[in-house]
Amino acid sequence: MTSFKPRTVSISVIILLITTIAGCARSRSPLPVDRVADGQIPGFNAIRYWEAQHKPPINPNSKYSSGCNILALSGGGSKGAFGAGYLNGWSDTGTRPQFNIVTGISTGALIAPLAFLGPEYDEELAISYTTVETKDILRARGLLGNGILPLLFSESYATTKPLQRMIDGLLTPEVFRAIAAEHAKGRRLYIGTTNIDAQRMMVWDMGAIASSDHPDARKLFEKVMLASASIPGAFPPVLFEVQIDGKLYDEMHVDGGVITGVIGYGSSLQKGLDTNAACNLYVIKNGKLDVEHAQVKRKALPIMKRSIATIMKAQAWSSMIRLRNIAKQDNVTFRYISLPENFEQKGEEMFDPKDMKRMYDLGYSIATSDKPWQKEVPLFKEDEKWLWTPPR
Numbered sequence: 001m002t003s004f005k006p007r008t009v010s011i012s013v014i015i016l017l018i019t020t021i022a023g024c025a026r027s028r029s030p031l032p033v034d035r036v037a038d039g040q041i042p043g044f045n046a047i048r049y050w051e052a053q054h055k056p057p058i059n060p061n062s063k064y065s066s067g068c069n070i071l072a073l074s075g076g077g078s079k080g081a082f083g084a085g086y087l088n089g090w091s092d093t094g095t096r097p098q099f100n101i102v103t104g105i106s107t108g109a110l111i112a113p114l115a116f117l118g119p120e121y122d123e124e125l126a127i128s129y130t131t132v133e134t135k136d137i138l139r140a141r142g143l144l145g146n147g148i149l150p151l152l153f154s155e156s157y158a159t160t161k162p163l164q165r166m167i168d169g170l171l172t173p174e175v176f177r178a179i180a181a182e183h184a185k186g187r188r189l190y191i192g193t194t195n196i197d198a199q200r201m202m203v204w205d206m207g208a209i210a211s212s213d214h215p216d217a218r219k220l221f222e223k224v225m226l227a228s229a230s231i232p233g234a235f236p237p238v239l240f241e242v243q244i245d246g247k248l249y250d251e252m253h254v255d256g257g258v259i260t261g262v263i264g265y266g267s268s269l270q271k272g273l274d275t276n277a278a279c280n281l282y283v284i285k286n287g288k289l290d291v292e293h294a295q296v297k298r299k300a301l302p303i304m305k306r307s308i309a310t311i312m313k314a315q316a317w318s319s320m321i322r323l324r325n326i327a328k329q330d331n332v333t334f335r336y337i338s339l340p341e342n343f344e345q346k347g348e349e350m351f352d353p354k355d356m357k358r359m360y361d362l363g364y365s366i367a368t369s370d371k372p373w374q375k376e377v378p379l380f381k382e383d384e385k386w387l388w389t390p391p392r
């Protein structure tokens, strides 16, 4: 692909292109500001909730009153290979439980449906995260070379048609029916997206969607997965058609990771459980959680890049601490695992097969080791010398 060279394009041509592109922005019909909480997906009932209202029934049929196991899968892009490897290794130890609840954000939303169905889908999970390349996930729009103008005048740098095909291949009719069958048993699968209009997290009950007899149920399921993995700017947002009083509008949704790194469950989880029931919350962080020290250059781009990375790191800590505190409040055992601090990506591609295979293998080896889980989130470990303490 030829690189963009400004000096080879006349100013008049640039102005013409900018005017044309700006005038071609896609129109939409957003919900009225005062009705943002009232939109419903036509033909579907009780399939989604605001995160604050997310209080999943762990035992609607009293089948799990003896305890529960919850799996929460974070975002992380290509680092989802770490989680895929970990789940495969966990299965091979023979200790991986059947999860009553599985949640996913971003790349975790792509893993979640197969993780929900169990070890028999581990091979598909492994293939998905060790054989893909960037071209299998996205395609740059490429206007004037490297897609510079789309970043300014379009909704995204790249299209996600390759990712849509990948999702369609993962969510086969067989997988879709299997999710509905498990939902009927009382198990729950949730995926989070960010309603960018409302600046709020939306939690989708994927099993309820799969159980619907609506002809577009599978299409909606795939659309939610795509929305949860749609990184703003890089990927186009996903618009959901909603209805209020018979009139159609749309909602704009993007990557669930915009608001939180991982979703767990509502604080009412313990309702209906035996007092002595054993509950476990397992969190797989598809990325690093530890502090990553760096010497930042005094230049705008390095400072901006480091600042964004720091915001994301702080968000990850906040999400993990929130889950840990809720688990402690509900007497739920909290465990997590994350990509080790000393892992270094070597490839330049966003989705580099060699790096992803290394992360997959690392996840597998940790899962099969004698210390597969951590209990305390970094910055909150009492034995860390650099732990901040308030002045006396």
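Following the UniProt record's numbering, the numbering of the sequence shown begins with 1 at its first residue and continues without gaps. Note that the Cβ used here is the ideal one computed from N, Cα and C, for glycine as well. All values reported here derive from a predicted model rather than from experimental measurement.
Handout entry: Run of the alpha helix (DSSP H) containing residue 360, from where it starts to where it stops
Key = 353-367
Problem - Rounded separation between residue 353 and residue 365 - CA only - result: 18 Å
Problem - C-beta contact flag for residue 129 and residue 72 at 8 Å - result: no
Handout entry: Segment contact flag, the region 103-115 with the region 167-183, C-beta cutoff 8 Å, min 3 pairs
Key = Yes, since at least three Cβ pairs between the region 103-115 and the region 167-183 fall closer than 8 Å, the two stretches touch.
Practice task
Indicate the three-state DSSP secondary structure (helix, strand or coil) for residue 71 in the structure shown.
Solution key: strand
Problem - Length-filtered (3 minimum) beta strand (DSSP E) runs lying within the region 76-115 - result: 101-105
Problem - Where residue 214 falls: helix, strand or coil (DSSP) - result: coil
Problem - Status (buried if at least 16 other CB within 10 Å, exposed otherwise) for residue 61 - result: Low confidence applies here, because residue 61 scores a pLDDT of 46, under 50, leaving its location unreliable and the question unanswered by this model.
Handout entry: DSSP three-state assignment for residue 238, whether helix, strand or coil
Key = strand
Exercise for the section: Report yes if the CB atom of residue 194 is closer than 8 Å to the CB atom of residue 256, and no otherwise. Expected result: yes
Problem - DSSP bridge partner residues for residue 405 (one or two, in chain order) - result: Given that the chain is displayed from residue 1 to residue 392, the structure contains no residue 405 and the question cannot be resolved.
Practice task
Whole angstroms is fine: what's the gap from residue 278's alpha carbon to residue 298's?
Solution key: 52 Å
Problem - residue 229, DSSP secondary structure in three states - result: Under the three-state reduction of DSSP, residue 229 is assigned to coil, being neither helix nor strand.
Problem - Given 8 Å, three or more beta-carbon pairs between the region 202-214 and the region 155-163 - result: Touching, no, given that fewer than three Cβ pairs across the two stretches are closer than 8 Å.
Exercise for the section: Return the Cβ separation of residue 39 and residue 249 in integer angstroms, given the expectation that the two are a contact with Cβ distance under 8 Å. Expected result: So it is a contact: roughly 6 Å between Cβ atoms.
Practice task
Decide yes or no for the touch test of the region 355-369 against the region 291-308: beta carbon pairs closer than 8 Å, at least 3 of them.
Solution key: no
Practice task
Could you check which residue in 361, 36, 300, 374 has the C-alpha nearest to that of residue 197?
Solution key: 36
Exercise for the section: Measure the C-alpha to C-alpha separation of residue 1 and residue 223 and round it to an integer number of angstroms. Expected result: The predicted model places residue 1 with a pLDDT of 43, which falls under 50 and marks its position as unreliable, so this point remains unresolved.
Exercise for the section: Out of 138, 190, 185, 183, state which residue places its alpha-carbon closest to the alpha-carbon of residue 104. Expected result: 190
Handout entry: Minimum C-alpha distance to residue 165 - residue among 74, 132, 184
Key = 132
Problem - For residue 33, three-class secondary structure by DSSP - result: Helix, per DSSP.
Practice task
In the DSSP assignment, find the alpha helix (DSSP H) that holds residue 183 and state where it starts and stops.
Solution key: 173-184
Practice task
Could you tell me whether the Cβ atoms of residue 207 and residue 241 are closer together than 8 Å?
Solution key: In this structure, residue 207 keeps its C-beta atom at 8 Å or more from the C-beta atom of residue 241.
Problem - Close-in-space but distant-in-sequence residues of the same chain around residue 200 (CB under 6 Å, 5 per side omitted) - result: Correct list, in chain order: 50.
Exercise for the section: Quick one: grab the DSSP three-state call for residue 348. Expected result: coil
Practice task
Look at the Cβ atom of residue 81, then the Cβ atom of residue 359, and state whether they are nearer than 8 Å.
Solution key: yes
Practice task
Report the partner residues of residue 399 according to the DSSP bridge assignment.
Solution key: The chain is shown only over 1 to 392; residue 399 falls outside these bounds and no answer can be derived.
Problem - Member of 48, 171, 123, 312 whose CA lies at the smallest distance from the CA of residue 231 - result: 312
Exercise for the section: Give a yes or no on whether the C-beta atoms belonging to residue 87 and residue 125 are separated by under 8 Å. Expected result: yes
Practice task
Please state whether DSSP places residue 256 in a helix, a strand or coil.
Solution key: helix
Problem - Nearest neighbour of residue 330, chosen from 31, 281, 315, 362 [CA to CA] - result: 281
Practice task
Give the C-beta separation of residue 334 and residue 324 to the nearest angstrom, bearing in mind that I take them to be a contact with Cβ-Cβ under 8 Å.
Solution key: Yes, they are in contact, since the Cβ atoms of residue 334 and residue 324 sit about 5 Å apart, within 8 Å.
Problem - The alpha helix (DSSP H) enclosing residue 168, as first and last residue numbers - result: 161-170
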